[in-house]
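Novice:
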Amino acid sequence: MIHPSGEGPCAVVGLGGGVMIPSWSNHCIDYYPLRWQGATLQAQRIELLRGSDMFRPTGMVRKNDREYYFADWVSPSYELHGMGRLWKLTIDPERADWLVKESQEWTPEAQLADRLRSGLGLSDAERSLEALFGWVQGSDPFLADAAQRELARIARDWSQAQWRALPSERRVGALVAMRKEDFQNPRWVRMLWSDPDPEIRFEALRWIADGVWKEYLPEVQKMLDDPALEYRLFEAALATNNTLRGDPSHGVTDAKMLVERITHPNTPARIAAYAMRLAPVEHQGLGIVELKHLLDRNDPDLTREVVRSLALRKDQESQELLGKIARDASMDESFRLDALAGLIGTSQPTEKALVESLAKGPEGSLAREAQRVMRQSGLDPEVPSVGSTSRQPRNLDQWLEALGGLDGAPDPQAGRRIFFHVAGAACSQCHRHEGRGNVVGPDLSLIAKQGTAREILESILEPNREVAPQFYTTHLELTDGSDFTGILLRSSSNEVYRNGFGQEVTFQKSEIQDRKELRSSLMPTGLLDTMSDREVRDLMAFLLQSSR
23 MIHPSGEGPC
33 AVVGLGGGVM
43 IPSWSNHCID
53 YYPLRWQGAT
63 LQAQRIELLR
73 GSDMFRPTGM
83 VRKNDREYYF
93 ADWVSPSYEL
103 HGMGRLWKLT
113 IDPERADWLV
123 KESQEWTPEA
133 QLADRLRSGL
143 GLSDAERSLE
153 ALFGWVQGSD
163 PFLADAAQRE
173 LARIARDWSQ
183 AQWRALPSER
193 RVGALVAMRK
203 EDFQNPRWVR
213 MLWSDPDPEI
223 RFEALRWIAD
233 GVWKEYLPEV
243 QKMLDDPALE
253 YRLFEAALAT
263 NNTLRGDPSH
273 GVTDAKMLVE
283 RITHPNTPAR
293 IAAYAMRLAP
303 VEHQGLGIVE
313 LKHLLDRNDP
323 DLTREVVRSL
333 ALRKDQESQE
343 LLGKIARDAS
353 MDESFRLDAL
363 AGLIGTSQPT
373 EKALVESLAK
383 GPEGSLAREA
393 QRVMRQSGLD
403 PEVPSVGSTS
413 RQPRNLDQWL
423 EALGGLDGAP
433 DPQAGRRIFF
443 HVAGAACSQC
453 HRHEGRGNVV
463 GPDLSLIAKQ
473 GTAREILESI
483 LEPNREVAPQ
493 FYTTHLELTD
503 GSDFTGILLR
513 SSSNEVYRNG
523 FGQEVTFQKS
533 EIQDRKELRS
543 SLMPTGLLDT
553 MSDREVRDLM
563 AFLLQSSR
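Per our numbering, the very first residue in the sequence shown carries number 23; after that it's consecutive.
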């Protein structure tokens with residue numbers, strides 16, 4: 023993908039060194055200047071004109087360098103209504119300072135990608151496996167895609183022994199290439215279904231789901247009961263299972279199926295633990311009785327996930343059970359710490375007293391976590407400070423210097439609890455991590471593979487510095503006098519947005535007085551102001567170790 027377009031694009035018309043695209047649902051016509059970056063085209067969206075809700079541009083044609091004509095359906099109704107319009111759009115290239123007047127010359131990388139796609143004019147060196155796999159695993163997605171085309175032409179005749187002889191990362195690249203070139207041939211999936219490499223099995227599941235090959239449903243369901251399954255494969259198998267059963271929209275969020283797996287006595291403990299990550303913590307099928315039964319299984323993985331789910335509940339029974347776990351010295355300390363983190367803001371006197379007692383206890387993880395809980399609860403304990411949050415404003419380099427100068431080692435598990443705390447930064451209110459959290463912003467499970475410590479910290483300090491277009495926010499002024507800010511998901515006869523809590527909110531067109539795309543993030547600035555330097559360092563350690 024070069025760049026997202028407005029919803030309901032109905033035409034693509036060349037203009038200078040870019041293209042114009044009318045958007046039916048967004049009531050606008052946008053210009054996208056195209057620029058080469060390696061073999062990949064880059065673009066930005068420039069809004070040329072916008073109309074009211076009764077402006078719905080559709081087909082568009084070019085007459086000459088200055089004159090364009092486009093149709094306007096006018097109404098949101100698909101019924102024939104006789105209200106359509108034909109518009110003339112005149113553009114003066116000399117006055118249009120936003121216009122890229124000429125297409126750029128193809129880069130050497132773009133020319134190479136063209137040869138790779140066609141398979142014509144390639145040298146022996148360019149056809150070598152070393153070169154092809156280098157491009158497939160490189161950073162340029164267009165060049166990688168082109169190299170996959172040539173790789174697939176070579177790999178289609180390989181024997182199973184030749185596949186097995188490849189290093190793991192190359193087998194994944196070759197399988198993805200074959201999926202693009204020979205999608206309808208199940209030979210590759212059958213051959214690699216039982217491969218011990220989880221990445222190969224993940225790609226096989228993707229292929230099965232995309233092909234909706236229902237004959238694999240029994241094997242996929244069997245995989246979901248495999249006690250040795252990794253979490254990423256569990257998610258992939260769950261989504262594939264729902265697709266093959268005819269419910270692709272459920273993805274990994276089918277609450278009924280998840281709760282059934284969690285509570286069924288024959289479900290392996292590890293699989294029940296995985297399902298706990300994804301299940302709604304307040305689901306009626308996961309009452310306190312059911313959660314106690316799960317704790318009674320005495321499985322470390324399952325206990326950990328049950329405690330973490332309890333920590334997100336604020337009812338009295340859950341708070342009392344968390345208190346019981348936190349004070350139980352026979353429990354693994356990591357479970358006690360997770361339980362303690364769930365007592366932020368507790369209104370139960372017994373649990374408040376427990377937190378105060380632990381905060382004044384011997385120096386250690388429990389005392390530090392209790393101090394965090396007290397501070398985030400708005401209490402004023404007579405306990406040692408976990409680190410002052412009163413500081414002068416810092417730039418990025420000063421932050422990195424301050425964090426690097428702290429004594430001791432960072433604690434990634436303390437960082438995980440900070441990530442999921444219901445108070446403070448509340449990262450999980452907008453972000454998912456390995457199944458838990460919300461989907462307002464990007465999933466951060468693999469963020470360590472996508473950026474350095476400096477880049478990650480910069481994105482926290484300056485959330486509006488670089489925002490992917492799919493996360494742009496829109497500000498609405500509503501006819502009742504109120505405002506709303508969220509991420510537009512879809513638009514037709516009404517508009518559906520995602521708010522800052524991950525919930526979908528629907529507005530009728532008649533409810534919206536004015537809208538403005540902000541091109542900013544829902545993530546607020548100043549998130550680190552509520553945290554000590556040690557807490558910031560722990561949070562960074564958690565994010566940086568998450569994919570290792």
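From the three backbone atoms N, C-alpha and C, an ideal C-beta is built for every residue, glycine too.
With distances taken from CA atoms, which of V83, Q66, R84 and V96 is nearest F77?
Specialist: Checked all of V83, Q66, R84 and V96; the closest Cα to F77 is V96.
Novice: Can you look up F205 in the DSSP assignment and give me helix, strand or coil?
Specialist: Note: F205 maps to coil in three-state DSSP.
Novice: Between the C-alpha atoms of P26 and V41, what's the straight-line distance to the nearest angstrom?
Specialist: Rounded to the nearest angstrom, the two C-alpha atoms are 13 Å apart.
Novice: Just how far apart, CA to CA, sit D419 and F529?
Specialist: The straight-line gap from Cα to Cα measures roughly 43 Å.
Novice: My output table needs one value for A231: the three-state DSSP class, helix, strand or coil.
Specialist: Of the three classes helix, strand and coil, the one that applies to A231 here is helix, per DSSP.
Novice: Straight-line CA distance for R319 to V377?
Specialist: Each residue's alpha carbon lies about 27 Å from the other.
Novice: Whole angstroms are fine: how far does the CA of T552 sit from the CA of I366?
Specialist: Taking the straight line from one Cα to the other gives about 14 Å.
Novice: According to the neighbour-count rule (16 or more other Cβ atoms, all chains shown, within 10 Å of its Cβ), is R487 buried or exposed?
Specialist: Exposed is the call here.
Novice: Relative to the C-alpha of T325, which candidate in Q338, D75, S145 and I293 has its C-alpha closest?
Specialist: When each option's Cα is compared against that of T325, the closest is I293.
Novice: Specify, as a first and last residue, the run of the alpha helix (DSSP H) that F564 falls within.
Specialist: From DSSP, the alpha helix (DSSP H) with F564 extends over D555 to Q567.
Novice: Check D616 in the structure and name its three-state DSSP category.
Specialist: The chain is shown from 23 up to 570; residue 616 falls before or after that span and cannot be answered.
Novice: State the DSSP-derived secondary structure class of R349, mapped to helix, strand or coil.
Specialist: Helix at R349.
Novice: Under three-state DSSP, which class holds N516?
Specialist: Strand at N516.
Novice: Please name the residue, chosen from D560, D94 and Q64, that lies closest to S125 on a Cα-to-Cα basis.
Specialist: Comparing Cα positions, the closest option is Q64.
Novice: In the DSSP assignment, find the unbroken beta strand (DSSP E) run with A93 in it and report its ends.
Specialist: Per DSSP, A93 belongs to the beta strand (DSSP E) from E89 to D94.
Novice: Using a Cβ-Cβ cutoff of less than 7 Å, which residues in the same chain neighbour E312 once the five nearest sequence positions on both sides are dropped?
Specialist: The residues are T285.
Novice: Over what stretch of residues does the alpha helix (DSSP H) that includes P44 continue unbroken?
Specialist: Run containing P44: none in the alpha helix (DSSP H); it sits in the beta strand (DSSP E), G40 to S45.
Novice: Could you give the DSSP three-state label for L466: helix, strand or coil?
Specialist: The answer is coil: DSSP assigns L466 none of H, G, I, E or B.
Novice: Measure how close the beta-carbons of M298 and S331 come, nearest whole angstrom, since I'm counting them as under 8 Å.
Specialist: With a Cβ gap of about 6 Å, M298 and S331 count as contacting.
Novice: DSSP three-state label for D219, please.
Specialist: DSSP places D219 in coil when its eight states are reduced to three.
Novice: Just verifying my parser: in three-state terms, what is the DSSP assignment at P406?
Specialist: Interpretation of P406 is limited by its pLDDT of 45, a score under 50 that renders its predicted location unreliable; the figure taken from the coordinates is listed afterwards. It is coil, neither helix nor strand.
Novice: Do D323 and A291 have their C-beta atoms closer together than 8 Å?
Specialist: It is a contact, given that the beta carbons lie within the stated cut-off.
Novice: From T112 to G38, what distance separates their C-alpha atoms?
Specialist: Looking at the two C-alpha atoms, the distance is approximately 14 Å.
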